[in-house]
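Number of protein chains: 2
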Amino acid sequence: MDFPKKLKEKIVEIVKKTMKIGKDDPRKIWHAFKVGLSLTLISLFYYYRPLYDGFGQSAIWAVLTVVVVFEFTAGATLSKCLNRGFATLTAGALGVGAKYFADLFGKEGEPIVLGILVFTLGALGTFTRFFPHMKRRYDYGILIFVLTFSMVTVSGYRVDKILELAHQRLSTILIGAATCMIVSLIVCPVWAGEDLHKLVYTHLEKLANFLEGFGSEYFIFSENDEIVKASNEGFLGAYKTVLNSKATEEALANFAWWEPGHGSFRLRHPWKQYLKIGVLARECACHLQALSGYFNSKPQVPSEFQKKIEEACTKMCIESSKVLKELAFSIKTMTQPSSSAAEIHLRHSKAAVDDFKSILAATETLLLSNKLDLLEIFPAITVASVLIDVINCIDKIFESVEDLSVQAHFKKAKNKEFSSSSPEKPPPQHQLLHRGIVKPVVDVDDVDSGGDFVAIEICSGGAALAGKAEVNPAVVKK
Amino acid sequence: MDFPKKLKEKIVEIVKKTMKIGKDDPRKIWHAFKVGLSLTLISLFYYYRPLYDGFGQSAIWAVLTVVVVFEFTAGATLSKCLNRGFATLTAGALGVGAKYFADLFGKEGEPIVLGILVFTLGALGTFTRFFPHMKRRYDYGILIFVLTFSMVTVSGYRVDKILELAHQRLSTILIGAATCMIVSLIVCPVWAGEDLHKLVYTHLEKLANFLEGFGSEYFIFSENDEIVKASNEGFLGAYKTVLNSKATEEALANFAWWEPGHGSFRLRHPWKQYLKIGVLARECACHLQALSGYFNSKPQVPSEFQKKIEEACTKMCIESSKVLKELAFSIKTMTQPSSSAAEIHLRHSKAAVDDFKSILAATETLLLSNKLDLLEIFPAITVASVLIDVINCIDKIFESVEDLSVQAHFKKAKNKEFSSSSPEKPPPQHQLLHRGIVKPVVDVDDVDSGGDFVAIEICSGGAALAGKAEVNPAVVKK
Numbered sequence: 001m002d003f004p005k006k007l008k009e010k011i012v013e014i015v016k017k018t019m020k021i022g023k024d025d026p027r028k029i030w031h032a033f034k035v036g037l038s039l040t041l042i043s044l045f046y047y048y049r050p051l052y053d054g055f056g057q058s059a060i061w062a063v064l065t066v067v068v069v070f071e072f073t074a075g076a077t078l079s080k081c082l083n084r085g086f087a088t089l090t091a092g093a094l095g096v097g098a099k100y101f102a103d104l105f106g107k108e109g110e111p112i113v114l115g116i117l118v119f120t121l122g123a124l125g126t127f128t129r130f131f132p133h134m135k136r137r138y139d140y141g142i143l144i145f146v147l148t149f150s151m152v153t154v155s156g157y158r159v160d161k162i163l164e165l166a167h168q169r170l171s172t173i174l175i176g177a178a179t180c181m182i183v184s185l186i187v188c189p190v191w192a193g194e195d196l197h198k199l200v201y202t203h204l205e206k207l208a209n210f211l212e213g214f215g216s217e218y219f220i221f222s223e224n225d226e227i228v229k230a231s232n233e234g235f236l237g238a239y240k241t242v243l244n245s246k247a248t249e250e251a252l253a254n255f256a257w258w259e260p261g262h263g264s265f266r267l268r269h270p271w272k273q274y275l276k277i278g279v280l281a282r283e284c285a286c287h288l289q290a291l292s293g294y295f296n297s298k299p300q301v302p303s304e305f306q307k308k309i310e311e312a313c314t315k316m317c318i319e320s321s322k323v324l325k326e327l328a329f330s331i332k333t334m335t336q337p338s339s340s341a342a343e344i345h346l347r348h349s350k351a352a353v354d355d356f357k358s359i360l361a362a363t364e365t366l367l368l369s370n371k372l373d374l375l376e377i378f379p380a381i382t383v384a385s386v387l388i389d390v391i392n393c394i395d396k397i398f399e400s401v402e403d404l405s406v407q408a409h410f411k412k413a414k415n416k417e418f419s420s421s422s423p424e425k426p427p428p429q430h431q432l433l434h435r436g437i438v439k440p441v442v443d444v445d446d447v448d449s450g451g452d453f454v455a456i457e458i459c460s461g462g463a464a465l466a467g468k469a470e471v472n473p474a475v476v477k478k
Numbered sequence: 001m002d003f004p005k006k007l008k009e010k011i012v013e014i015v016k017k018t019m020k021i022g023k024d025d026p027r028k029i030w031h032a033f034k035v036g037l038s039l040t041l042i043s044l045f046y047y048y049r050p051l052y053d054g055f056g057q058s059a060i061w062a063v064l065t066v067v068v069v070f071e072f073t074a075g076a077t078l079s080k081c082l083n084r085g086f087a088t089l090t091a092g093a094l095g096v097g098a099k100y101f102a103d104l105f106g107k108e109g110e111p112i113v114l115g116i117l118v119f120t121l122g123a124l125g126t127f128t129r130f131f132p133h134m135k136r137r138y139d140y141g142i143l144i145f146v147l148t149f150s151m152v153t154v155s156g157y158r159v160d161k162i163l164e165l166a167h168q169r170l171s172t173i174l175i176g177a178a179t180c181m182i183v184s185l186i187v188c189p190v191w192a193g194e195d196l197h198k199l200v201y202t203h204l205e206k207l208a209n210f211l212e213g214f215g216s217e218y219f220i221f222s223e224n225d226e227i228v229k230a231s232n233e234g235f236l237g238a239y240k241t242v243l244n245s246k247a248t249e250e251a252l253a254n255f256a257w258w259e260p261g262h263g264s265f266r267l268r269h270p271w272k273q274y275l276k277i278g279v280l281a282r283e284c285a286c287h288l289q290a291l292s293g294y295f296n297s298k299p300q301v302p303s304e305f306q307k308k309i310e311e312a313c314t315k316m317c318i319e320s321s322k323v324l325k326e327l328a329f330s331i332k333t334m335t336q337p338s339s340s341a342a343e344i345h346l347r348h349s350k351a352a353v354d355d356f357k358s359i360l361a362a363t364e365t366l367l368l369s370n371k372l373d374l375l376e377i378f379p380a381i382t383v384a385s386v387l388i389d390v391i392n393c394i395d396k397i398f399e400s401v402e403d404l405s406v407q408a409h410f411k412k413a414k415n416k417e418f419s420s421s422s423p424e425k426p427p428p429q430h431q432l433l434h435r436g437i438v439k440p441v442v443d444v445d446d447v448d449s450g451g452d453f454v455a456i457e458i459c460s461g462g463a464a465l466a467g468k469a470e471v472n473p474a475v476v477k478k
């Protein structure tokens, strides 16, 4: 009685999961469609008599090739196709040679010679796959090399028409590989390079969102902190995906290496530079992890000292977040970061660090008034210190993105069209900064005037001190 | 003229690389040997007439299976073999069914029905591979399922003896897979589970080495700091491999799931718990990355305040390092951490945190004597704060290792045989702590008496203050 109900639940669950995967990335549905299409195309070799007569039973290798070789990204598919093609070609030739060589030893000696050859090449090939450079790029090729060589030499012992066998295998594999490449490159292609590009700049955006959220929350004390914390779980967790992205980024960069030029990416796009930015982004995410720990143990009541450094620290967060957003935007649009507002914000964030340090240095008043308790200011000082590390790290990211922009020939931005000023695409911070303290100011004031920053600083600081006071953009504009 | 020289250089380079890989992990050479052996065994099917007569040309599938299925670890090989075997079985049965079903539609309708079936199953199967759970465990199985189904149905259109074809393919694949499994499990097996086990405890050791090195270096001020820094690059860099270990750990855990019980690992060993420890180790490594940043910008001259907190901070480092070492040792030997010295050291490190906090709280003297410059104490305070985070993290690691010890039924340690007291295996810190300040004391005193810690603390602190003064273990013993 219970079984049909459970089955129904299971089916509903699977359908929901499928819908979710399809919705998150419709290219996955396309990919499944493309594999089905290639398989059907290839099976025409069997159904259509004239084609079948040319290849016979060997046509099955084409089917096998399609299933094994078709990968999600175009780069991965190309890499496998080319590896398979070249490996089959060379190993086939070598295998035929080995067969004729073994023939010299007579009917008795042949299997022994063949056995030794297969063992040697199998072992050598397998060991070669441990070389990091080979593994990264030619792993599949070596596998197919060993496979083809073994198959040709071993079956050559029984089959007389070994040349024909090798030739049929090669041509069917080439047909299968060509079908895969064409379908993969033409029907809604998934570019690994584009994915890497997107991954790197969304990671920067995630870091920026964290910093923005942290800056607007940590130094503000309100009664409903619990609610705020709950609503912030999104941005607090997003940096975690950055932390463990190394394997994905490297795989994508490897696949991207195989891809032809497409869109704004040329054939020799500096994919390695993306990996360097990725390393720095992970370093930055590491610091954010430390910050998120402090966020949870945020003191209930602000100390005197905390109020003093609040302005500088908030500025550090907000400005460094803006640097990251500008950098992400300049990668996204492939414009030079030096022509964006990133540099200005970076300077501002460094100025905030100096502000903070001068507050620290000028503690005499606190000392005299005996208001200073080191234990109490301990968390705030640590947070500030981590923020300084973050800014140093962002400095390095800035340089790295600049290197990328030079290597990849990013274009100059026209009319200073900064990310935050483009009205048609509201940046994601709108959804995030639910208190709307800083954003309205930035939209109107900061970007147009470029260097006119004091107004914002006072404004955001003031608003922060006043709790949840909503600043009307129109008022600020005046 | 230049070519032979370059070729020679290249060959020498390749030989050196090969030697290095073989030396680092001799199991890789064994693996290559094993693949060669399996290939040679399988090719006997061709050379030996009675065996060949049974299978004919289909025997080539056995060769193919061996090359494709043989992986470095036993778990990966088993996973691929079982996936391949079951997928071939079910897909073969389904394929034969599909062929008879398509027969019902007559000679005209058959290719259309077959085409639709192949497309549908190909697309569905490909999409299924995107489900995270399926991808993790049955990715290869689905691939082979689609492959076999397509091959059987497509070639069924031309071959009349489809049942025989499916049967031959299945039995040759099973023979190939069985050969791989037997060779992989019997000849010098490489267990993914054992690798994971080893990886996790060496990661803890690496973290411990960093903390030990940091503790004995950061708070010591000597003239030849540059030399010290250079010699420390080893331990300063080791934690980095921990940071990016997620992918490796998860792959190993997946493979380990397939492995039968071996050595001290049972069939259902809690591999998932190792991943939990891994997550915490990475969190800890994140903090260490922050610390290593401060190590490079270490102040030349210690401030008054720094001298004050030095003792507590050094103790935090050394004690937390010992906790990690004990935990690593208890994982390594599969003994319960609660019966090791880990708990004692954890308590000591927490006591050091309290010491530090009470120093911070008692700043009145500093305030009155006006010796306190917040800007100057800033780096030291930050380092201490990160150390506190590290200890909190280690606390979590301790709990996690305890969970593991319960789930995996770790045995109780006999006679309190702690890692640091076992004389036959000198722990790696010997090579590391080149100043030999702390280690000799630990060997003789600390472990046996268990709680008698004051002597060491003073000693290491004193030695640290005195610069590079070498403490004779014999003297300390008295």
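Taken in order, these protein sequences are the chains called E and A. So the first sequence is numbered by the numbering used here: it starts at 1 and just counts up by one. So the second sequence is numbered by the numbering used here: it starts at 1 and just counts up by one. In this text, a Cβ means the ideal position worked out from N, Cα and C, and glycines have one as well.
Under 8 Å from the C-beta of residue i: neighbouring residues of chain E
| i | result |
| --- | --- |
| residue 119 of chain A | 36, 37, 39 and 40 |
| residue 334 of chain A | The contacting residues do not exist; residue 334 of chain A stays about 28 Å from chain E at best. |
| residue 123 of chain A | 32, 33, 35 and 36 |
| residue 283 of chain A | 289 |
Chain E within 7 Å of residue i, Cβ atoms only
| i | result |
| --- | --- |
| residue 28 of chain A | yes |
| residue 400 of chain A | no |
| residue 390 of chain A | no |
| residue 289 of chain A | yes |
| residue 115 of chain A | yes |
| residue 9 of chain A | no |
| residue 209 of chain A | no |
| residue 410 of chain A | no |
| residue 286 of chain A | yes |
| residue 375 of chain A | yes |
| residue 350 of chain A | no |
Contacts that residue i makes with chain A (C-beta to C-beta distance below 9 Å)
| i | result |
| --- | --- |
| residue 502 of chain E | Beyond the ends of chain E as shown, which are 1 and 478, falls residue 502 of chain E; an answer cannot be given. |
| residue 111 of chain E | 43, 44, 46, 47 and 48 |
Partner residues on chain A for residue i, Cβ-Cβ distance less than 7 Å
| i | result |
| --- | --- |
| residue 293 of chain E | 389 |
| residue 385 of chain E | 378 and 382 |
| residue 246 of chain E | 244 |
Length of the line joining the Cα atoms of residue i and residue j
| i | j | result |
| --- | --- | --- |
| residue 99 of chain A | residue 54 of chain E | 23 Å |
| residue 350 of chain E | residue 391 of chain E | 7 Å |
| residue 51 of chain A | residue 74 of chain A | 28 Å |
| residue 348 of chain A | residue 315 of chain A | 8 Å |
| residue 94 of chain A | residue 19 of chain E | 27 Å |
| residue 443 of chain A | residue 208 of chain A | A caution first: residue 443 of chain A carries a pLDDT of 34, below 50, which makes its placement in the model unreliable, though a value can still be read off. Approximately 17 Å between the Cα atoms of the pair. |
| residue 87 of chain E | residue 115 of chain E | 21 Å |
| residue 434 of chain E | residue 236 of chain E | Because the pLDDT of residue 434 of chain E is 38, which lies under 50, any placement of that residue in the model is unreliable, and the number read from its coordinates should be weighed accordingly. Their backbone Cα atoms lie some 14 Å apart in a straight line. |
| residue 122 of chain E | residue 131 of chain E | 15 Å |
Chain A contact for residue i (CB, 7 Å cutoff)
| i | result |
| --- | --- |
| residue 455 of chain E | For residue 455 of chain E, the predicted model reports a pLDDT of 31, less than 50, meaning its position is unreliable; a value from the coordinates is still stated below. Judged by the 7 Å Cβ criterion, residue 455 of chain E is not in contact with chain A. |
| residue 83 of chain E | no |
| residue 63 of chain E | yes |
Residue i: contacting residues in chain E (beta-carbon distance under 9 Å)
| i | result |
| --- | --- |
| residue 357 of chain A | 375 and 378 |
May I ask you to list, following chain order, the residues of the stretch 34-55 of chain A that have a beta carbon less than 9 Å from some beta carbon of chain E? Those residues of the stretch 34-55 of chain A that come within reach of chain E (Cβ to Cβ, closer than 9 Å) are 34, 35, 36, 37, 38, 39, 40, 42, 43, 44, 45, 46, 47, 48 and 52.
Which runs of the alpha helix (DSSP H) at least 4 residues long sit entirely within the stretch 52-131 of chain A? Give them in chain order. 60-69, 74-103 and 106-128
Give the residues from the stretch 136-150 of chain E that approach chain A closer than 7 Å (Cβ to any Cβ), ordered along the chain. Those would be 143, 146, 147 and 150, in chain order.
Using a Cβ-Cβ cutoff of 7 Å, what residues of the stretch 150-169 of chain E are near chain A? List them in chain order. Those residues of the stretch 150-169 of chain E that come within reach of chain A (Cβ to Cβ, closer than 7 Å) are 150, 151, 154, 155, 157 and 158.
What runs of the alpha helix (DSSP H), each 4 residues or longer, lie entirely inside the stretch 262-333 of chain A? 271-296 and 304-333
Tell me which residues of the stretch 186-211 of chain A have at least one Cβ-Cβ distance to chain E shorter than 9 Å, keeping chain order. none
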